[in-house]
Amino acid sequence: MKNKILRRVILIMTVAVFVTVALTFFLFNIYTINSIKDFLQPETEFIADKLKDVDSFDDISSLLGDENEKEDVFKIVVFDFNKNAVYVNTPVDLDLGRRVVRHLDKAVSDGDNFFLGSTYQSGMAINYAVKVNNENIEGGYLILMCSIDVIYNTGPYFLIVGIAVLIWAGVILLSYFALTLNMKFATIPFEKLEGILVDINNGEYTPMQVPEKLNFPEFKAVLTKVDDVAGEIAKNLVNLQYEQKKSSILLHSVNQGIIVVSPSGRIVLNNNVALQIFGKENDAVGVDLGYLVDNEDLLASLKQSLEDKKCYVGEVGIGEEIYRVETSFDTVEDEVIAGDVMVIILTNVTIEVNNAKIRSEFFANASHELKTPLTAISGYSELMTMEGVSQKQLDVCIREINSNAGRMKTLIDDMLKLSKLDADMDNEEQSTTDMAKLCEEVVMDLKGVADSKGVRLEVSGKAKLLCRPKMIATLVTNLVNNAIKYNKDGGYVKICLSESKDGVTLKVKDNGIGIAKEHQSRLFERFYKVDASRTYINESSTGLGLAIVKRIAVIHGAKISLKSELGEGSEFAVVFPSR
């Protein structure tokens, strides 16, 4: 700031001095020219009176012989009517250009004429030309022109100019040094004011101590007042920034997308979640709603809601997610926005929708699975009430009713077990479990079933796992039981355990009938069976065993995978992360 003020003052002073010097020289020249005219006119008129009586051009030289003594200052030229010089009192060559000839013509027509011009090769001169009537001379008149060189065509003039330029430069330099010394002290209050404003702008202002002594005491009251005002501004700014920070934290911490749209359709506010939903990286404030919302159907609904000022509620699929979209309106009155702004809230309901779909499918499948044994029980019950039924037939009916009731119980037990797992209602505590021992116990429980089908069970490896033991026992039981069911005579089921720094791996491998590729991706779905008709080819299958296995794996943070070739067998691998 100091340098800027100094430059401007120096510039103003330079211009002022320049104008003063120029004006001085201008007035000096005017004065000089007027003085020369006052001298030149009577001298010229005096010589003109002498020329009125000459009889020939030769008489002019003798008549004006005395004037030759003045040739250094006072130049005399006499022209005939054709403007040919018939007498010149100076050896300097004449320079009669068109401009000089025009001035001579004017003297002939008007009688006399003052003019400034280069009539001699020596430079600029003030000239006075008069017409001298003389009937004795050819043409009836002579033209007398007397000239005096102007001062700026002489050495003294350039000396004066040089001295003036030196004085001018000296004044500027002295002024510069004087101003520099004064500005050093004079700008202290301005520098402090500038510092106050910068600190306020950066939000870092702290009250200052106003100096007791200043070169300009008038500034003390100003600085004190500004300091007080700046303190209040800084305090309010801190409060405002705090409130803005709170609002920003709240806005960006919610897991819902929020967009605020002005009456003209431009976005005035959005949070990061809204940007993520629509796959945008840059803030969308100030742009049209269509820049952010690229779903045409949703955009049309939102624009219609904005136009009608009616709330809108709907669901829309964006990518692989499903969102519930709600709009509401709020009145805002300020300098930037005036009117009813539309608030758009986008809530991710993918899990809710999927859960609803799963529940719907679950009840549909459960109804289907329960219908078959109930139909069988109902049919056999009616058969028992008919007349003429033998005891043998009654025994068959009772056996089938018991069998289907058992299947219903198994199905209901699995459904209840899966529901508890979904709701995480099992309060079993975690404990470090010897997985080899747990697997051996499962093998002992299923040994009878395996022996009946001629399937050999093996356990290999060791591992310790922090888990819920009963859940893991259920997981191993379901995997081994399935491997026995879908095996062949003389087959095997191998349970392999391994432990590393990454966690514990459990593998259940068999050489049974295997699973076709097209079924493998859906094998863990609830009620899904490889038999598309869902008939009870295997009477003990409920279609929930592998769904229970997957749910238990998810609860323990484990990943489950399947490798299977049709006719060669299957291998299920469950990898538990280290804890």
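Note that this note's numbering gives residue 203 to position 202 of the sequence shown, counting from 1, and the numbers run on in steps of one. We treat Cβ as the ideally placed atom computed from N, Cα and C, and that holds for glycine. Every value quoted in this text rests on a predicted model; they were computed, and no experiment measured them.
Fill in: Delimiting residues of the alpha helix (DSSP H) encompassing M125
No alpha helix (DSSP H) holds M125; the beta strand (DSSP E) holding it covers 124–134.
Worksheet item: In terms of residues, what are the limits of the beta strand (DSSP E) holding Y142?
Response: 142–150
Worksheet entry | Beta carbon of P470 nearer than 8 Å to that of S432 | yes
Practice prompt. Check whether the Cβ atoms of L447 and V481 sit closer than 8 Å, and answer yes or no.
Written response: yes
Item to complete: Quick one: which unbroken beta strand (DSSP E) runs of 3-plus residues sit fully inside the stretch 491–575? Chain order, please.
Response: 493–501, 504–511, 560–566
Worksheet item: Taking just the CA atoms, how far does G546 sit from T475?
Response: 9 Å
Item to complete: Please list, in chain order, all residues of the same chain as V274 whose beta carbon is under 6 Å from its beta carbon, the five residues on each side excluded.
Response: G258
Worksheet item: Do you know whose CA, among K304, V109, H104, lies nearest L117's CA?
Response: H104
Discussion item. In the DSSP output, what is Y121 paired with across the bridge?
Written reply: L95, G124
Worksheet item: Where do the ends of the beta strand (DSSP E) carrying K465 lie?
Response: 465–468
Practice prompt. Verify whether the separation of the beta carbon atoms of V326 and L300 is less than 8 Å.
Written response: no
Worksheet item: Going by alpha carbons, who is nearest to F19 out of G171, S63, I138?
Response: G171
Practice prompt. To the nearest angstrom, report how far apart F573 and Q305 are at their CA atoms.
Written response: 53 Å
Worksheet item: Which residues bound the beta strand (DSSP E) around D435?
Response: 432–435
Worksheet entry | Residues of its chain near S329, where Cβ-Cβ distance is below 7 Å and the 5 sequence neighbours each way are ignored | C312, V344
Discussion item. Considering just the uninterrupted stretch of the alpha helix (DSSP H) at L303, what are its terminal residues?
Written reply: 297–309
Worksheet item: What residue does the beta strand (DSSP E) around Y292 start on, and which one ends it?
Response: Counting along the chain, Y292 falls outside any beta strand (DSSP E), though it belongs to the alpha helix (DSSP H) covering 290–293.
Discussion item. Looking only at its chain, what residues have a beta carbon closer than 8 Å to the beta carbon of W169, apart from the 5 residues adjacent to it on each side?
Written reply: V18, F19, V22
Item to complete: Spatial neighbours of A517 within its chain, please: CB distance less than 6 Å, with the 5 preceding and 5 following residues excluded, ordered by chain position.
Response: L567
Practice prompt. Ignore the nearest five residues each way along the sequence and tell me which others in L439's own chain have a CB closer than 8 Å to its CB.
Written response: P470, I473, A474, V477
Fill in: Given K132 as reference, the closest of V79, R267, A126, V87 once Cα atoms are compared
V79
Discussion item. Considering Cα atoms alone, identify which of D96, E139, A548, I138 is closest to N128.
Written reply: D96
Discussion item. Taking the straight line between their C-alpha atoms, what separation do you get for C147 and L28?
Written reply: 24 Å
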